[in-house]
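Quick note: my numbering has the sequence shown finishing at residue 1420, numbered continuously throughout.
Backbone N, C-alpha and C fix where the C-beta goes; we use that ideal spot for every residue, glycine too.
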Amino acid sequence: MRAAKFIGNGFMRSTLNSYLEDFLKRGDENAFAYRRGLRVERWTYRRVAETARRFARELEARGVGRGERVIVWAANSAEWVAAFFGCLLRGVIVVPLDLESAPDFVARVLRQTKACLLLLSSETRQNAAGLGVPFLMLEELDEALSRHPSEPFEPQDISDSDLVEIIYTSGTTSEPRGVCLTHRNLLANLAPLEKEVVKYSRWERVVHPVRFLNLLPLSHVFGQFMGLFVPQMLGGEVHFQDSLNPSEIARTIRAQRISVVVTVPRMLDSLREHVERREAARGRGEELRRKLATAGGTHTLKRLWTFRHVHSYFGWKFWAFITGGATLDAESEMFWRRLGFAVVQGYGMTETASLVTVNHPFKSGRGSVGKILPGQELKLGEGGEILVRGANVSPGYWHDGAAQPLDDEGWLRTGDIGEMDEDSQIYFKGRKKETIVTAAGLNIHPEDIEAALNRQPEIKQSAVVGIEGARGPEPLAVLIMRDPQADPAPAVERANQTLARHQHVRRWHVWPESDFPRTPTQKVRKRDILERLDGETGGLGDMKRNGPHSRLVIQSPRPPVPPSLEIHSLAELDSLGRVELLSALEDRYQMEIDEASFTEATTVGDIERIIQSGGEAESAPQYPYPAWTQRFPATWLRLALFYAVVLPITSLLCWVRVRGKVNLRGLRGQALFVSNHVTYFDHALILSALPGRFRRRLAIAMEGERLRWWRRPPAGSPLHRRLRWLAQYFLTVLIFNTFSLPKSSGFRRSFAFAGETVDRGYSVLVFPEGMRTEHVRMNPFKIGIGLLASELGVPVVPVRIDGLAELKAALPGSVTINFGEPVTYSRDEDPTAVTADLERRVREMMNAE
């Protein structure tokens, strides 16, 4: 490897591999955390570095050498990061692809790059079938690399001009265009950032570790900056999350004590709407608007007190947003700043290795994207077009004959319009070209959509233009039909099936003439089309909408939801299918949908009304999930009360015989216990039968409706009854460490709480019949237990209670608690099959007697 040299502002780095050396210095500090199933998996800096070394050896064993390409088509994870650095050690070029890339687009990238290996995750494995290239699953990377040692790997002779990656930014139907980025390009932007970050390192020690919630895909260069490099300069901890539900994001920020959220402008808009709805539901909506209007010139400490309800909701360690990929609306920026949060945004593009400008969190003009980074040059060309020159600019595109990005003087013409003030602050004004940039920062090329539409037999010609929708820019398809009376919806739907999700056409207009207005060179005058449509309809918002609620394409590895689901068949879905559909709608529209209301929905109109109303229930009482019972001193009180009260009473009621205890001897760590349900006293009997290591750390799922009734008695109830119910609630959750598992709806939150409980080192006990057995015959298991068993990622122990049915009205006698052999299920297994298997195992335990 070549000797290190000065890059940018004096940092001794010649390649990105030096960051991996920093990882090793951080040792066992947490580097990454992300949800896998219902659990949060954490990786240390050392584990990432050692896995990267192992992966480099795996590439070597496969004969993948310097300059060859590896496609990474997978969700964000620590394995993604380790594979990225492993490729750098080997000198292999990374080709990261967006998770939602269409399979046809991936196939064309594969042919263009001649990649020799695919790295996939469970979300993309099914779509990658038939590509004919060897692949590795990132979820199984540890097992695949176990044969390789973690000793230092001697890297290839890499220079700063070597390619690091090829990032594809074009649409799915045009010829793919990959932007080449070198070590030098990326370091040119990282060096000035690192110089600035180290200034604050001594202050960071007070709040160490700084936790970042990165909501951007690592397939985007800005996502890489804020996921792989910048947080690590501080020894930070990066959390990944796939859900874009604002409530889930807020819950993660609070629960994981996040300090900084990295996202796109649309997500800030969604969070803003969520905060406003939440405050309004609590009768503080008007007060929030009034205080925001007068908070402009107040001190930060005063804002923290004025808006303490909002800061308490997110957690007091949270203080900043970093946004990129698109321009943040000035109104949204001021909303968050006036609440007391810092907002950092910048300007750049893939060809400039993500950044050209970045604003200072405390010294920026309103609406500004900041000042140019050191080491770069920026000027405004004709018409205000932003031109950039510097070491960060890409050397070109990965395709023979593709247009190169630089002019003769080395300037990159960005195609963007900007302004510069006397303080050198840059203000982004819009796109010069017709590319539509969504609020999520995704590029939509009209030519891609037009090609897909023009392939439909009903459509003669099409022109796609960008309009401002309710949630940011979106495409409007103007169509000339072969039959003017034909319904365009089926043709548009078929075209959407060939496009990536963010390219889908949801609004269209049938052009009344036989041709579009054109220039002398036969180019369509799209501006004329927009002006005419705006004049004829009184606003582009009146265009025909292809209701996204009427047909929802769900990419899910789980079989309960078919790949293409008509919502008019909602009644045919089981409970898991409804959960999958609900989650997909929440992610699509970035809102929380009340699960109880959604459960009652049976028609398209019901779904549309829920979404249009903002999704959240007005005043639905929440099911209790008491985490305080798993902390001191509740843990000590529980043990004392169990041995002093519960165990003696259990001994008086019956004699417990325990069978199968040998099955628990080799069980280490947490487990999920699944039992039949006979009486209200089942949990106490099972606790008395368990070994001490499980008894001391067991959480029990209980009927959520009953717990909610006890915790929040009806307002009109007599005082003595309300006090009695509250006492029942606190004693039950304290002594038995119970949490809610509702019968009808809301079990998504219950399962999430179960995952959090297991992460805290507790096992879980569930009665999946959902009701007590009235006779000796066991009730069928609810299908949700299959999802819980497969997503928790812990051994599942079948439990059988026998003898209680006969003792319900009899004298004390013998009760048998039988523990079966532990079984483990993978996340890929069908929850329905897992439920059936568990039910069979518990039934057979009785038959074996």
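Look at the segment 1047-1098 and you find these whole runs of beta strand (DSSP E), each 3 residues long or longer: 1078-1081. Under the 8 angstroms Cβ criterion, the segment 666-675 does not count as touching the segment 599-609, having fewer than three qualifying pairs.
The alpha-carbon separation between T1009 and E1045 amounts to approximately 6 angstroms.
Nearest to T695 by C-alpha distance, out of W644, A1034, T1395, G867, is W644. Only residues of its own chain outside the window of five on either side were considered, and among them L949, K950, L951, G952, W982, L983, R984, T985 have a CB closer than 8 angstroms to the CB of L958, listed in chain order. Of the candidates N1350, L1363, T1344, L1363 places its Cα closest to the Cα of A1323. Cβ contact annotation for R606 (same chain, cutoff 7 angstroms, sequence separation greater than five): Q812, in chain order. Using a C-beta cut-off of 8 angstroms, the segment 752-771 makes contact with the segment 938-948, since at least three inter-stretch Cβ pairs fall below that distance. Of the other Cβ atoms in all chains shown, fewer than 16 fall within 10 Å of the Cβ of R1072; this residue is therefore exposed.
The continuous stretches of beta strand (DSSP E) do not include H931, and DSSP gives it neither H nor E. Around the CB of D840, 16 or more other CB atoms lie within 10 Å, so the residue is classed as buried. For I1306, the closest alpha carbon among the candidates Q1032, S965, P1366, A1255 is that of A1255. Between V1337 and V809, the alpha-carbon positions lie close to 33 angstroms from each other. Membership of L1224 in the alpha helix (DSSP H) is indicated by the continuous run 1218-1224.
Inter-segment contact for the segment 1284-1300 and the segment 1241-1255 is absent: fewer than three beta-carbon pairs are separated by less than 8 angstroms. Taking the Cβ atoms as the reference, M838 lies roughly 10 angstroms from L899, outside the contact range of under 8 angstroms. Excluding its 5 nearest sequence neighbours in each direction, P966 has C-beta neighbours in its own chain below 7 angstroms: C751, T753, listed in chain order.
Using a C-beta cut-off of 8 angstroms, the segment 877-887 makes contact with the segment 902-913, since at least three inter-stretch Cβ pairs fall below that distance. With a cut-off of 8 angstroms on Cβ pairs, the segment 620-628 is in contact with the segment 648-666, counting three or more such pairs.
The Cβ-Cβ distance between I1038 and L1050 does not fall below 8 angstroms. DSSP, reduced to helix, strand and coil, places G657 within a helical segment of the structure shown. For R1319, the closest alpha carbon among the candidates W1199, L1358, L1208 is that of L1358.
From the listed residues A1041, R1098, G1043, G941, the smallest Cα separation to D994 is found for G941. Between V680 and I642, the C-beta spacing is below 8 angstroms. In this structure, the alpha-carbon of P1351 lies about 30 angstroms from that of L1218. Here DSSP, grouped into helix, strand and coil, assigns S818 to helix. When only Cα atoms are considered, I1354 and A1272 end up about 15 angstroms apart. Only buried fits N816, as 16 or more other CB atoms lie within 10 angstroms of its CB.
Along the length of the segment 1205-1277, whole beta strand (DSSP E) runs at least 3 residues long occupy 1226-1230, 1243-1246, 1269-1274, reported in chain order.
Each residue's CA atom was taken as its position, placing R1026 and Q1074 some 16 angstroms apart. G868 counts as exposed, since fewer than 16 other beta carbons sit within 10 angstroms of its beta carbon. By the Cβ neighbour-count rule, G701 is exposed, with fewer than 16 other Cβ atoms within 10 Å of its own. DSSP links V781 through a beta bridge to no other residue. The segment 790-801 and the segment 916-926 touch, with three or more beta-carbon pairs separated by less than 8 angstroms. Between P1393 and V1413 the beta-carbon gap is near 13 angstroms, outside 8 angstroms, which marks them as no contact. Residue burial is scored here from C-beta neighbours: A759 has at least 16 other C-beta atoms within 10 angstroms and is therefore classed as buried.
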